[in-house]
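In order, the protein sequences belong to chains A and B.
With the first letter of the first sequence counted as 1, position 157 gets the number 141 in this note's numbering; the numbers rise by one all the way through.
With the first letter of the second sequence counted as 1, position 183 gets the number 264 in this note's numbering; the numbers rise by one all the way through.
Backbone N, C-alpha and C define an ideal beta-carbon position, used for all residues, glycine too.
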Amino acid sequence: MPSSGSVTAWIAGLKAGEATAAEPLWNRYFSRLVGLARRKLASTSQRLADDEDIALSAFKSLCQGAASGRFPELTDRDNLWPLLVVLTARKSVDLLRSEGRSKRGGNWKSVSEEFEQIASQEPTPEFAVLMNDYCDWLLAQLDPGPREVAVLKLDGCTNQEAASRLGCGIRTIERRLELIRRVWAEAVEREESLSTSREIAR
Amino acid sequence: MSTLLPNSPPNSATPDSALPHVSECDPRDDIRWTADNLKQIDAVCEQFEAAWKAGTPLEIRQLLQQSKSGMETLLFRELLAIDVEYRQRQGQGQSLTVTDLLRSFPEYANIVRLVCSQTLPVVSDDTIPEMLAKHPRYEVTGRLGMGGMGTVFAGRHMVLGRDVAIKVIRNEYLASPAARERFLREAQTAARLQHPNVVTVYDAEATDAGQFLVMEAVSGADLARTVDENGPLPWEAACDAIQQAAAGLEAARQIGLVHRDLSPRNLMLSDDGTVKLLDFGLASLSAGVSDPSLIPGMLVGSVPFMAPEQASDPSASDVRSDLYGLGCVMFFLLTGKPPYAGGTLPEVLEAHRRHPIPDVCEFSSEIPTAVALIVSRLLAKAPAERYQTPSELAEDLDRAIKGESPLPTIKTPEPVVPVNLAKFPRKSGRLFLVMIGILLIATAFAFGFRQLGGKGGQPTVDDSAFVQGRSLLDQRQERQVRLAILKFQDVIARQPKHARAYAALAESYNLLGDYGWEPAMTVFPKAIAAAHRSLELEPDLAEGCLALAFAAATYTCDWDEADRQYRRALEIAPNLPSAHHWYAWYLLQRRRFDEALVEIQRAHELAPENLIILSNVGKILYFGRKYPAAVERHRAALELDQDFQKGHMDLGYTLIELNRIDEALSEFDRAVGISSHDLDVKAARAYALARQGNKEAAQELLKTLQAEAERVGLFVEMAHIYTALGDSDQAIRWLEKAFARKSPGRADVRVDPRLDPLRKDYRFAPLLKTIGIDD
């Protein structure tokens, strides 16, 4: 595993160059992934096939956002997009790296460098399914209240809109966004440390 | 003026620009905020916000004391941000400035400045608007507080030497010349209102420099503060306060003035115990604001205290809307909460419109029934069912204080308007929904029948109390049924030969017994006696027979008698849909499926538009194991109303029996969010997953259901799930609970396909026997 320090710290410093650099790469890779997802996922994943569930799919939100070129600034704290993009980018690096481990090997310097290499390849349907599962997994880490906020935010609501949809104060949206970031950060960190220990065991 | 308040609408300055994020919260704070910390804070904030929405804000200080040490700073920042947001949205007559906050929370001065510097005025007590500072007649002597529309100052009329209160109205309320004109006109009307129970308006001024209203100075506190500080009032005191307010309202009514924004904050309690209404006519000012969305919650009054008709059409409000508001205030005085506390703004509005009227007696056993009846009458959904004038209310209050019962309602009956049945809340079990539907049509039909057939010889001088009782009964909530009994007794006291009142009384007792709200042994005999009495008075009263039949089937298990009475009811009123409907259920429970099907289909023919009956055709087909036909009926019901939650649920359950579990699951998905009964849906999902063999997922859902199931009475549903999981012990345990609590689904147990695997269990038959169902 790349040791880029604690994920928590990394996410807290999201404005840093690493994330910004990931954006165009992700965008590029993603446009292809989206096309693939549309064609293949419907048949391979029940969840994506179902309209009802699609509405709750973070991955779908990502797909739509990417398709419409809607990638807001990564430094925007009121938006969950950048975080999800970066988390997913990281995860995809992990996944792809383990897929291609035997072929490539070598040391990885940073997520963006790593990503540059990966983005030059074609995404596979299995990969799209994995990404979908990963996004769902992230959403599943949240309690119902914050999850509602996450879904609305991923659907592109402003804080004000989300507040009036949920009938709560704007401050509650902001508070929950903060909570979501923290929960995701800790979940990702836990998961990574788990997979690290698994790797060591192997 | 501009130095006093930022000239921006209350909600436009979103706090995020001013608010730091967690990491920047306080540099000295070296706690590393974990997700768990934030979750705890989130939970407290949620509680705090819910209290705000309910109109009963909590004390920040108190919440801080309960919080885990080390988290106070962050918690304070979050609570304060919510507090400021809600005060700006709803705050009326409440004072809040940065100065005040700094004084209250000196230890959090940094946070106060961070949170509030851009959102609250930094007024110190001696800052006064320019327009008043140089006023020829008025001198400002202090600051009394800040309300939704502006700041209130204490002042003196320099010529007359009279103490006054001066309310400076913020500019956005009077932006246009037309709005200013209206303001002056309202002030003129209000000034004509001179009554000891109304805060007198002396003067008003509107110029380019600003506008203000001069009022009588009252030394005391508003009723919101009084209750916040001392808790609910003793019922005698609450009655007295409301009686005084009613006197003020009556005076207003006589000159054609409506308040439109009654709330505990607008009722002043002066030091000598006089209650005075404040801010007459001011509610209409908010109509003048260019963009009403800028001031949610202030547009049409305080939502927790607002009449349903006023919410949908402010211009439709009259003195009866004020009486509703006064009812909400009375509820608040008695219980410390507005009647529909909790929930989001749309939820509260919806509750005013549709939820059963809550009962003050649930909060204190000391409140006499007469007082509870007054509150429930004030809170009637339809204006015509309330007191029509404040003096009517005052008279009843007078009687209540003297320990007498309220006078029977005297007015022309209004037609009972059935609400959207599918969305009507029910307390427990699906039978509740079924019953509402059936009884509403039964009532409507009974009226029509009598008028057309001209059979009943009794005079129908005053049926409004009876109609009120019926509509209470149709809500199928315990207290409402009990109140309905009082109503019917009231009707009978005045019209001892009112056969239908006896029949309705019998039905009320039946329900008390059937739901397990009263021991069967005490109420069913009463039901039977009342039903007999109704039949003595009017031998051909179908409702009387139905009540007898119900008691026979449910209590005495005298199936033959039940059968006889149902048949008789049908003979008398062969076209009464509810008679066919109930007979069908009886036949079903006797496992006479084919006959049950004939009856329910007949009910459907007679009331083809009735969703509940149509859906029960499907239900009976389901119990008869005729699944494809059942699916068809359920789909037909859903075509009538695709938001029919019960329809989606029943269709889903039927599809499961056809092993189309994915389709079933998507039906359950469609049932989510239609009403507040999503727990039923959750239970259905768990059942479907268990049937699918997805035990893990089912168990997962079960875990979250366990605690709630007890509370909302999902006993039979839990038994279904455990049966599907193959856990007979648990299934039997839940069935036992269902029977012990007399859960409404219990009568279906005998025919329920979901319990088929359990029928072989040696405990099943004896269990049925214990409740008098014998196979």
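- Going by the CB atoms, is the gap between V308 (chain B) and L414 (chain B) shorter than 8 Å? yes
- Task: State the start and end residues of the unbroken beta strand (DSSP E) segment that holds K357 (chain B).
- Result: 356 to 358
- Item | Partner residues on chain B for G153 (chain A), Cβ-Cβ distance less than 7 Å | E130, I163, E166, Y167
- Which two residues bound the contiguous beta strand (DSSP E) that contains M349 (chain B)? 348 to 351
- Item | Where M387 (chain B) sits in the DSSP three-state scheme | coil
- Through-space distance from D731 (chain B) to D303 (chain B), alpha-carbon basis: 51 Å
- Message: I need the DSSP call for M296 (chain B), collapsed to helix, strand or coil.
- Response: strand
- Look at the alpha carbon of Q726 (chain B) and the alpha carbon of G733 (chain B), and state the distance between them as a whole number of angstroms. 11 Å
- Buried versus exposed call for Y667 (chain B) [16 or more other C-beta atoms within 10 Å across all chains shown]: buried
- Of all the CB atoms in chain B, is at least one closer than 8 Å to the CB of E173 (chain A)? no
- Query: In this structure, what does DSSP give as the bridge partners for G223 (chain B)?
  - Reply: B:A235
- Task: Identify the contact partners of V167 (chain A) in chain B, using a Cβ-Cβ distance below 7 Å as the criterion.
- Result: A116
- Query: To the nearest angstrom, how far is it from the Cα of R672 (chain B) to the Cα of V832 (chain B)?
  - Reply: 7 Å
- Consider the Cβ of E127 (chain B): report whether some Cβ of chain A lies at a distance smaller than 8 Å. yes
- Would you verify that the beta carbon of E140 (chain B) is, or is not, closer than 8 Å to some beta carbon of chain A? no
- How close, in whole Å, do the beta carbons of A654 (chain B) and A584 (chain B) come, if the pair is a contact with beta carbons under 8 Å? A654 (chain B) to A584 (chain B), Cβ: 12 Å. No contact.
- Task: Identify whether Y283 (chain B) lies in helix, strand or coil by the three-state DSSP scheme.
- Result: strand
- For chain A, is any of its Cβ atoms less than 8 Å away from the one on E159 (chain B)? yes
- Task: Could you please give the first and the last residue of the uninterrupted alpha helix (DSSP H) stretch that includes V240 (chain B)?
- Result: No alpha helix (DSSP H) contains V240 (chain B), which DSSP labels as neither H nor E.
- Query: Are the beta-carbon atoms of R159 (chain A) and E159 (chain B) separated by less than 8 Å?
  - Reply: yes
- What are the start and end residues of the beta strand (DSSP E) that includes G301 (chain B)? 301 to 303
- Query: Going by the beta-carbon positions, is the gap between F704 (chain B) and D829 (chain B) smaller than 8 Å?
  - Reply: yes
- Query: If we count the other Cβ atoms within 10 Å of its Cβ and call it buried at 16 or more, is T748 (chain B) buried or exposed?
  - Reply: The sequence shown places Glu at residue 748 (chain B), not Thr. Under this definition E748 (chain B) is a buried residue.
- Query: So which residues of chain B does L71 (chain A) contact, with C-beta pairs closer than 8 Å?
  - Reply: Near L71 (chain A) there are no residues of chain B at all, since even the closest Cβ is about 15 Å away, more than 8 Å.
- In whole angstroms, what is the alpha-carbon distance linking W206 (chain A) and L122 (chain A)? This structure gives no information on residue 206 (chain A), because the portion of chain A shown stretches from -15 to 186.
- Would you mind reading off the limits of the alpha helix (DSSP H) that contains Q576 (chain B)? Element bounds for Q576 (chain B): n/a, residue is neither H nor E.
- Item | Cβ pair count under 8 Å reaching 3, the segment 257 to 274 of chain B against the segment 283 to 295 of chain B | yes
- Message: Measuring alpha carbon to alpha carbon, tell me which residue in B:L359, B:A327, B:L330 is nearest G301 (chain B).
- Response: B:L359
- Query: DSSP on A585 (chain B), reduced to helix/strand/coil?
  - Reply: helix
- Task: Please name the residue or residues paired with V832 (chain B) in a DSSP beta bridge.
- Result: None; V832 (chain B) has no bridge partner.
- Item | Bridge partners - A246 (chain B), DSSP secondary structure assignment | B:A235, B:M296
- With Y843 (chain B) as the anchor, note down where its alpha helix (DSSP H) starts and where it stops. Y843 (chain B) -> no alpha helix (DSSP H), and no H or E assigned at all.
- Task: Identify the continuous alpha helix (DSSP H) that holds F413 (chain B) and give its terminal residues.
- Result: 400 to 416
- Please determine, among B:R581, B:F796, B:A465, B:S552, the residue with the shortest C-alpha to C-alpha distance to P389 (chain B). B:A465
- Three-way DSSP call (helix, strand, coil) for T270 (chain B) in this model: helix
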